[in-house]
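Please read the structure below before turning to the comments.
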Amino acid sequence: MSLSNEVCKTLAFTYRNFIITKRNFFTIFETLFWPVLGLISVGLMGMYLNLEQGYFAFILIGAVTLSVLQVSQLDVAYVLLFDIWSKSLRYTFVSPISSWNMILGSWLFGITRGIVAFAILFFSSMIFFGLNLLIPPPFLILFLFGVFLSAMIIGLITCSLLLIFGYRAEIFAWTLSAIFMLVCGIYYPVSLLPEVVRFISYLIPLTHFLEYYRSFYGFETSFENPLLLGYVLALFQVLFLFFLYFWAFDRARSRGTITQFSE
Amino acid sequence: MFVHAVVCEDVWMIYKSLKSEKIALKGINLKIPKGKIFGLLGPNGAGKTTLISIMATILKQTRGRVEVLGLDSIRDAKEIRKRINIASGNPNLIWSLTVYENLRYYAMLYGVRDRRVVENLIDEFELREFRDVEFNRLSTGNKQKLLLARAFVNDPELVFLDEPTKGLDPPVAKRLREKIADMQKDLGISVVLTTHYMSEAEMLCERIAFINRGEIVANGSKEELKRMLKMKDKITIEIDAEISMQLPSLEGVYMVERDGKSLSFYVDSAERRLWDVASEVAKLGRIKNIVVREVDLEDVFNELVK
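Top line first, the protein sequences correspond to chains D and W.
Our numbering applies: residue 16 is where the first sequence begins, and numbers increase by one.
Our numbering applies: residue 39 is where the second sequence begins, and numbers increase by one.
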């Protein structure tokens, strides 16, 4: 296994996602239009409710994080869907790639899109609401990387479910981040949630990354070191989901799902 | 060193779902020679695509063993994938990518970074003027050419072509067949080709296996297959009356087909049997026309799937 070959195979998916995004007006809309629209709506609501600076930052951080997550998870979640929609899955899987080439390559482009979305939202919140969301850059990078890992988790779940349940799982690409929004405390602290749901929210890394970012604005965190906890959970989940994806792929190979998706 | 491109030993494929079970392949035994074009023929649903998908490591057989280029199709799948490729008759690639971008993307999947490989393929498959045209804007013929070009991005030793000329206009299909033959000859690669078109198999394939209902029913060279069925010639006689009577069995006649006012006889030798056959038919009506020709693969195929 040569490293340069593996890099090339991984970047193939980055290249493909880049071209598809470049050529598809809708995906540009997804990165620019909806996130800004969401931020302005939430910001105006905050202004109407006359929120003090800290709470205003609380909900805008939620809006920014949700948009960055939604934008960056799409690339991973769509990596199989692009092939399924164009019925070319067999040509991707007949090549000597590993599942991680596919996930990592598309995730890299997801990160790029996520950074662009974050930058736009960061400046939009400054321009429209005079709120500076900047925290010391190393901590901001750690926070963003945590969000990107959460995006990979959603993408891996979607891809695995697609291989297991077929087209019916397509809807997960859109709904999982909405479920995250409900459980992770995007617009409210998770302490508001019923105990059972709160327990689930603590298992989701994004909850801790959000608490970490908000801690710079004086909000309390549920655990002492939310960043570390978030990363430990994220790494375990990514590892577990990679195994699930390998298993789902092997199952798809035995059941003929790949050929079905190509017909 | 392996002598066969593919070896299948007692290969079974059973598609299982919660409600049912479908047996697609029933104990396939097959040896595909290296450096030749091998045809896999059979009617719809016979199991051709399933078998080719197993050989190409996209599908995992339920039972049995498949060896591709001397490697085990399950254990060494990734190693095999580096050395094979596939093109199907359903021309589907990423719609919004151009000819160049599609080839570049697939080349990268094989670790091929040299852009000249892509440019050379564009020239080789006469796609230069469509280089920057998106896949969904190409004609079916050009889509198929691109798909075929894609199958050569990794300089494969073995290429699987699953009905590569399906749905193409005859002149385009002819040019594509010539291209396949040329590429095979120039590169000395092994090709496994599935097709519905007997003329295609007759033109391209050195050896052929017939598959029907998940089983190999015959396997050999074109001549061997015809000999196997002992049918050499076909005599077609047209008379002036509808044929309703049963003909007596005649020596050297292996099969008789009836179609309105004409009868076709599959015989071991037209030279020896023509007089006997014509004499019998003359009893049914006045002979209007007699055509004698050699049996072709279509006849063999029809006989085998009966």
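In this text, a Cβ means the ideal position worked out from N, Cα and C, and glycines have one as well.
Looking at the backbone, the Cα of W/Trp133 and that of D/Ala166 are separated by about 26 Å.
Residues Gly120 of the same chain have their beta carbon placed closer than 7 Å to that of D/Ala27, with the five preceding and five following residues left out of the count. Listed along chain W are Asn130, Leu131 and Ile132, each with a C-beta nearer than 7 Å to that of D/Ser103.
At a C-beta separation below 9 Å, W/Lys116 has these neighbours in chain D: Pro111, Ile112 and Ser113. With a beta-carbon spacing of about 17 Å, D/Ile201 and D/Leu64 fall beyond the 8 Å limit used to define contacts.
Residue environment analysis places D/Arg183 among the exposed positions, since fewer than 16 neighbouring C-beta atoms fall within 10 angstroms of its C-beta. Close CB contacts of D/Arg105 within its chain, under the 7 Å cut and outside five residues either way in sequence, are with Ile273, Thr274 and Ser277 (chain order).
Taking a cut-off of 8 Å for Cβ pairs, the segment 154-168 of chain D and the segment 230-246 of chain D touch, as three or more such pairs fall below it. The alpha-carbon of D/Phe261 is positioned some 16 Å away from that of D/Gly181. For D/Phe41, there are no neighbours in chain W by C-beta distance under 9 Å, as the nearest C-beta there is about 11 Å away. Boundaries cannot be given for W/Ile96, as no alpha helix (DSSP H) includes it and DSSP labels it neither H nor E. At least one CB of chain D lies nearer than 8 Å to the CB of W/Thr87. Per the DSSP secondary-structure output, W/Gly77 pairs in a beta bridge with W/Leu231 and W/Ile246. By the rule that beta-carbons nearer than 8 Å mark a contact, W/Glu157 does not touch chain D.
Straight across, the Cα-Cα distance linking W/Lys64 with W/Leu231 is about 20 Å.
Between the C-alpha atoms of D/Asn32 and W/Lys86 there is a straight-line separation of about 33 Å. DSSP places W/Ala219 in the helix class (H, G or I) of the three-state scheme. In the same chain as D/Asn147, and ignoring 5 residues on each side of it, the C-beta atoms closer than 7 Å to its own belong to Met141, in chain order. At least 8 Å separates the CB of W/Ala43 from every CB of chain D. Taking a contact as a CB-CB distance under 8 Å, the pair W/Leu335 and W/Met236 counts as one, their CB atoms being some 4 Å apart. In this structure, the CA atom of D/Ala92 is about 6 Å from the CA atom of D/Cys174.
Inter-residue distance for W/Ile227 and W/Val191 is about 14 Å (C-alpha atoms, whole angstroms). Beta-carbon to beta-carbon, D/Ile135 and D/Leu59 are separated by about 17 Å, too far to satisfy the 8 Å threshold.
One Cα belongs to W/Ile90, the other to W/Asn257, and the distance between them is close to 16 Å.
The beta carbon of W/Leu56 does not come within 8 Å of any beta carbon belonging to chain D, so the residue lies off that interface.
By the C-beta density criterion, W/Ile325 is exposed, having fewer than 16 other C-beta atoms within 10 angstroms. Relative to the Cα of W/Leu185, the nearest Cα in the group W/Pro194, W/Pro202 and W/Asn82 belongs to W/Pro202. Under the Cβ criterion (8 Å, minimum of three pairs), the segment 145-163 of chain W counts as touching the segment 96-113 of chain D. Rounded to whole angstroms, the separation of the alpha carbons of W/Ile275 and D/Ser103 is 49 Å. Comparing alpha carbon positions, the residue from D/Val211, D/His223 and D/Tyr228 closest to D/Pro153 is D/Tyr228. Scanning its chain for C-beta atoms nearer than 7 Å, with the 5 sequence neighbours on each side dropped, one finds around W/Leu206 the residues Thr178, Gly179, Gln182 and Leu214, in chain order. At a cut-off of 8 Å between C-beta atoms, D/Gly271 counts as an interface residue with respect to chain W. Here D/Ile43 is exposed, its C-beta having fewer than 16 other C-beta atoms within 10 Å. Between W/Gln99 and W/Ala308, the alpha-carbon positions lie close to 45 Å from each other. Short of 7 Å from the beta carbon of W/Gly80, and not among the five residues preceding or following it, lie these beta carbons of its own chain, in chain order: Lys86, Phe248, Ile249 and Asn250.
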